[in-house]
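Everything on this sheet refers to the single structure shown next.
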Amino acid sequence: MILTNAKIGRISGASTTSGEDQVCRGGRLCPALAIILKGQYLTQTSRFDPDQSRTLRLAAIAAAESVATQLKDAFRSDMDIEFKRDRRDVVTAHDKAAEAAICAYLLAAEPDSCFVGEEGGVQGTGRIQWFIDPIDGTANFVRGMPSWCISIGAVYDDQIVAGAIVDPMGSNVFSADLKGAYHGDAPMRSQGTSDEGLATILCSYPSARDLVQDGRDVALDRFAGLVETYSAVRRIGSAALGLAHVAAGWADGAANFSINAWDITAGILILRQAGGQFLPLAVSSMPKGAPDHVYSAYVAIGAGVACPELIRVAQQIADQRRNFNKDTT
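Under our numbering, think of the first position of the sequence shown as 5, with each following residue one higher.
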């Protein structure tokens, strides 16, 4: 079953970028974000009404749930796939249709909206910026593995003010606004282990691209250090779910070194409002005061967790890539 593409009117002044243009190559800020943020970065000090934040959170949940049933119906069915950067970067008609439907829902709920989506690029000029990944974990989705989700984050003046991560296969809804974080309707607090040797870490490193970029021996040595230090190192294939799981206390830490804003915007707020820490890492030169959700690498840590080895390795990776990018610009 293929989702029917929802009709979304072109907003005055809207611009779009192709999927190729959205990629943050070498850790550089992707054109989609450069357009939507217009090069003006603010520290997260702007005031936003907490009640409106709650309204946006509920809208994000409703928008995600509006496509969740159709995505579940499509899951483990025959589907055509396309490749973006390479054969490891896949997309389906379901991704594209779900994103269009989500945008249409949110525009009806909040007309002062614009969108930064994985598939559709930048659309609109509204003050509420929605960062949308319609299927975070598409590679899992196409193979019938249940680790995928819908991630929607709302940003106002570079401040993340609401977010929702809906896990259809696990029947989990993680969300946050300026009042707190929630699992379903219940308040959620992060809680992990203070014993580093007992910690479970979610980490996608090293990927095939990491082996090329950082050097095979160097990357594998770093991975070995993580495996030797922690009780478990898992690769779940969805950065958004990884952040949600750390926020829920189901994992103790997470790291990623090649990420986009639509993957993490919702998860950043959910984690922090649950009491965890999100530490952005610069793998290239970043504008002063750039908001955390435009960084392409991070470490996430649950409340009460000590993960010095993860932070050490992550900083090594970021430093190496930042120096490389400096030398090639």
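Think of the CB as a built atom: it goes at the ideal place given N, C-alpha and C, for glycine as much as any other residue.
Three-state secondary structure assigned by DSSP to residue i
i	result
T96	strand
A158	strand
G229	helix
P312	helix
G17	Model confidence at G17 stands at a pLDDT of 26, short of 50, so the residue's coordinates are unreliable and nothing is read from them.
F328	helix
E69	helix
W254	coil
Q320	helix
W152	coil
D267	helix
G200	The sequence given here places Glu at residue 200; Gly does not occur at that position. Helix, per DSSP.
G167	strand
R238	strand
E86	strand
G246	helix
A64	helix
L46	Bear in mind that a pLDDT of 35 at L46, under 50, signals an unreliable position, so the number given afterwards is only what the model happens to contain. Coil, per DSSP.
Distance CB(residue i)-CB(residue j) smaller than 7 Å
i	j	result
M192	A72	no
E200	A310	yes
A270	A168	yes
E86	V95	yes
A185	A113	no
Cutoff 7 Å; reference residue i; Cβ partners in own chain excluding five residues on either side
i	result
D296	I272, F282 and P284
G308	Q195, G196 and S198
F52	Y160, Q163, V165 and L182
G188	V177
I240	S151, L206 and G246
Q324	D218
A286	Y299, A322 and R326
Residues near residue i in its chain [Cβ-Cβ closer than 8 Å; skip 5 each side]
i	result
A255	G196, T204, I205, L206, R238, G246, H249 and G306
L224	P210 and L215
E313	E200, G229, L230, T233 and Y234
Span of the beta strand (DSSP E) around residue i
i	result
G184	G184 to H187
Q281	Q281 to L285
A143	Where A143 is concerned, there is no enclosing beta strand (DSSP E), although the alpha helix (DSSP H) it sits in stretches over T142 to R147.
Close-in-space but distant-in-sequence residues of the same chain around residue i (CB under 6 Å, 5 per side omitted)
i	result
R226	V317
A301	F261, L285, V287 and A322
- Query: Between the stretch 118-136 and the stretch 149-158, do at least 3 Cβ pairs fall closer than 8 Å?
  - Reply: yes
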